[in-house]
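Chains as they are written, first to last, in the numbering used here: chain A, 1 to 274; chain B, 1 to 361.
Using N, Cα and C, we set each Cβ at its ideal position, and we do this for glycine too.
A quick note: this is a predicted structure, and the numbers were derived from the prediction, not measured.
Below: the structure, in structure tokens.
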């Protein structure tokens with residue numbers, strides 16, 4: 001069977017990616033270099049204004065925090081899934097996938113209702129006497145993180161689960177018979193073997209977090225402006241297509257570099273699990 | 001025997017309604033090589049895992065050097081275990097794998113380095129320190145797994161079908177290697193296998209497992225020559241079985257009625273009238289022309305040759321005796337002897353009474 005024949009099976013997907021991704025990105029690149037006139041002035045503007053760099057920094061910090069929180073919350077979940085029985089595993093997969101059942105917009109508004117000043121969460125906290133006054137849970141960084149972590153958690157848990165479920169229990173057993181107490185067994189054997197899953201999950205969550213728009217826009221405060229929002233403001237409020245295009249290209253470039261970095265680390269660490 | 005290193009008293013493992021291991025008891029002498037032999041699912045690996053601490057017994061007691069073993073978690077037992085699949089840590093080099101148990105015991109770097117090097121010398125792979133497990137062949141991985149299991153000088157070495165994944169030549173080579181290490185280190189070993197040849201070659205004693213119980217425990221020769229049950233006679237080596245009824249019981253011998261023939265063999269504890277079976281090894285029977293005279297100390301039956309299989313070092317004759325039972329006979333092939341018996345020929349089978357064992361059916 002000539003290898004080339006199977007290539008056509010991927011043709012529809014490639015065409016779609018070409019039409020809806022490469023063409024617009026090429027157009028954006030062109031625009032960033034030509035609007036209002038040819039040159040690098042749009043890129044120069046981004047790097048000259050601390051405001052824009054600050055938004056980039058915000059974006060990286062928020063995406064990084066979301067990634068770290070997802071890992072912290074998701075690792076135990078994935079571990080439980082990998083070591084649960086068939087029923088427990090199915091239940092957990094079901095729970096993990098619930099967020100995908102509703103639209104991002106609906107979920108974000110739901111968080112708004114729950115977290116606002118006289119929302120459900122604050123009411124319970126105040127009525128039970130745990131806090132004296134309602135807490136500021138939304139329109140700040142906390143709100144952004146709560147909303148984004150909930151949405152992104154499955155992207156951490158699923159790749160992690162895929163790797164953890166393939167770690168054969170005999171490695172842990174071998175470590176135990178060689179004298180490793182549970183903590184050492186986890187730190188020296190299980191955790192290193194799970195790193196491919198950690199890297200894949202982190203790369204997925206971090207890179208998709210970079211481009212978030214709805215959640216920070218609705219749940220965040222003025223301090224939590226992310227790059228996607230800034231792009232929209234530049235186009236919608238100022239009609240500044242050139243600068244918006246430059247911001248988008250830089251974001252894309254950053255995401256690509258991050259991905260390449262994760263991939264490098266992953267490839268360097270990868271050893272077949274037998 | 002000296003004070004045993006390990007003692008199992010009525011060890012039991014039950015999963016739901018299934019009894020995986022039922023009341024297994026044995027004592028392992030210092031420096032002894034004991035093999036747990038049995039078909040898969042007979043409870044031998046479960047027994048081994050209970051000694052290692054990876055499976056908790058449902059009942060019974062285990063003593064290591066006279067002290068209860070059960071309350072200790074696996075990492076405090078100081079028992080080496082070699083898995084069938086080796087279970088080398090894939091993210092560590094050979095040296096890191098072997099150093100792992102030493103680091104867990106808080107040894108200093110120089111001592112670790114010295115012992116790691118010595119262990120690699122012992123298994124014949126010096127200079128392999130920086131390799132990763134996936135850069136080694138199956139046999140090499142097995143040697144490293146062995147080095148890792150003995151480097152911390154455990155009280156006991158357990159091996160779970162360690163040669164199962166290797167081809168025949170390499171397996172025989174590793175058998176000799178393991179026997180050499182056993183002698184050199186004077187370590188007590190429990191070895192699990194389903195390969196009867198391996199068990200016969202390597203062991204001081206063999207425990208034959210069947211459905212979660214020990215059918216017989218003894219030296220290889222004892223098990224082969226004096227099997228205590230039909231299962232042992234059948235599983236360890238090859239046996240011919242003549243079913244019948246025990247007729248005359250007395251002393252060390254028993255006579256059974258098999259069709260119109262009367263056959264005698266060694267026996268213990270059989271009652272007259274009981275259903276019995278006489279077992280004899282194929283290599284103990286000799287083929288003779290029909291009607292040949294037999295000694296008083298010999299059994300004989302007549303039959304007809306159905307098939308002859310050439311096995312290189314021997315010939316296997318399948319002989320159907322008068323009542324339809326098929327009996328296998330091995331004859332050493334010698335260069336100077338052309339087989340005089342052909343397929344379809346009538347023959348008499350003759351063998352010594354003392355090479356026969358009468359067992360309860």
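Exposed unless 16 or more other CB atoms sit within 10 angstroms - verdict on residue i
i             : result
residue 272/A : Residue confidence is low: residue 272/A scores 48 on pLDDT, short of 50, so the model does not pin down where it sits. No coordinate-derived value is stated.
residue 248/B : exposed
residue 94/A  : exposed
residue 130/B : exposed
residue 10/B  : exposed
residue 18/B  : exposed
residue 282/B : buried
residue 122/A : buried
residue 163/B : buried
residue 221/B : exposed
residue 174/A : buried
residue 124/A : exposed
residue 82/A  : buried
residue 8/A   : exposed
residue 49/A  : exposed
residue 120/A : exposed
residue 169/A : exposed
residue 249/A : buried
residue 40/B  : exposed
residue 178/A : buried
residue 263/A : exposed
Reference residue i; option with closest CA among the options
i             : options                       : result
residue 229/B : 356/B, 297/B and 108/B        : 356/B
residue 60/A  : 246/A, 237/A and 225/A        : 225/A
residue 14/B  : 4/B, 43/B, 36/B and 30/B      : 43/B
residue 107/A : 258/A, 143/A and 208/A        : 143/A
residue 252/B : 265/B, 261/B, 128/B and 242/B : 265/B
residue 290/B : 345/B, 176/B and 27/B         : 345/B
residue 52/B  : 126/B, 154/B and 127/B        : 154/B
residue 258/A : 153/A, 206/A, 92/A and 84/A   : 206/A
residue 212/A : 11/A, 132/A and 252/A         : 252/A
residue 270/B : 16/B, 246/B and 293/B         : 246/B
residue 54/B  : 196/B, 37/B and 73/B          : 73/B
residue 69/B  : 156/B, 169/B, 200/B and 255/B : 156/B
residue 282/A : 250/A, 155/A, 244/A and 68/A  : Residue 282/A lies beyond the residue range present for chain A, which begins at 1 and ends at 274; the question has no answer from this structure.
residue 223/A : 51/A, 22/A and 44/A           : 51/A
residue 246/A : 118/A, 77/A and 26/A          : 26/A
residue 146/A : 131/A, 208/A and 65/A         : 65/A
residue 48/B  : 225/B, 58/B, 81/B and 16/B    : 81/B
residue 265/A : 179/A, 141/A, 86/A and 202/A  : 202/A
residue 300/B : 205/B, 181/B, 263/B and 312/B : 263/B
Beta-carbon proximity check, residue i vs residue j, cutoff 8 Å
i             : j             : result
residue 326/B : residue 320/B : yes
residue 359/B : residue 277/B : yes
residue 123/B : residue 161/B : no
residue 353/B : residue 305/B : no
residue 259/B : residue 186/B : no
residue 65/B  : residue 5/B   : yes
residue 60/B  : residue 209/B : no
residue 116/A : residue 138/A : yes
residue 89/B  : residue 171/A : yes
residue 138/B : residue 165/B : yes
residue 147/B : residue 120/B : yes
residue 329/B : residue 285/B : yes
residue 112/B : residue 102/B : yes
8 Å Cβ cut-off: residues of chain C touching residue i
i             : result
residue 170/A : Of the protein chains in this structure, namely A and B, none is chain C.
Residues bridged to residue i (per DSSP)
i             : result
residue 356/B : 280/B
residue 162/A : For residue 162/A, which the question treats as bridged, DSSP gives no partner whatsoever.
residue 191/B : 35/B and 159/B
residue 62/B  : 8/B
residue 366/B : Since the first residue of chain B shown is 1 and the last is 361, residue 366/B is not available in this structure.
residue 261/B : 258/B
residue 250/B : 253/B
residue 348/B : 288/B and 302/B
residue 316/B : 309/B and 330/B
Threshold first: 4 residues or longer. Then list the alpha helix (DSSP H) segments lying entirely within the stretch 1-85 of chain A, N to C. Counting only runs that start and end inside the stretch 1-85 of chain A, the alpha helix (DSSP H) elements of at least 4 residues fall at 3-7, 11-17, 23-34, 41-48 and 50-83.
Ranges of the beta strand (DSSP E) found wholly within the stretch 199-225 of chain B, counting only runs of at least 3: Counting only runs of at least 3 residues, the stretch 199-225 of chain B fully encloses the following beta strand (DSSP E) elements, listed from N- to C-terminal order: 205-210 and 213-218.
Let me know the alpha helix (DSSP H) ranges lying completely inside the stretch 89-131 of chain A, each 4 residues or longer, listed in chain order. 104-115 and 120-127, all fully within the stretch 89-131 of chain A.
What are the start and end residues of each continuous alpha helix (DSSP H) run of 4 or more residues lying completely inside the stretch 117-171 of chain B, in chain order? Counting whole runs of 4 or more residues, the stretch 117-171 of chain B contains the alpha helix (DSSP H) stretches 138-150.
With a floor of 4 residues, list each alpha helix (DSSP H) that falls wholly inside the stretch 172-237 of chain A, ordered by position along the chain. Fully enclosed alpha helix (DSSP H) runs of 4 or longer: 182-185, 191-210, 214-219 and 227-236.
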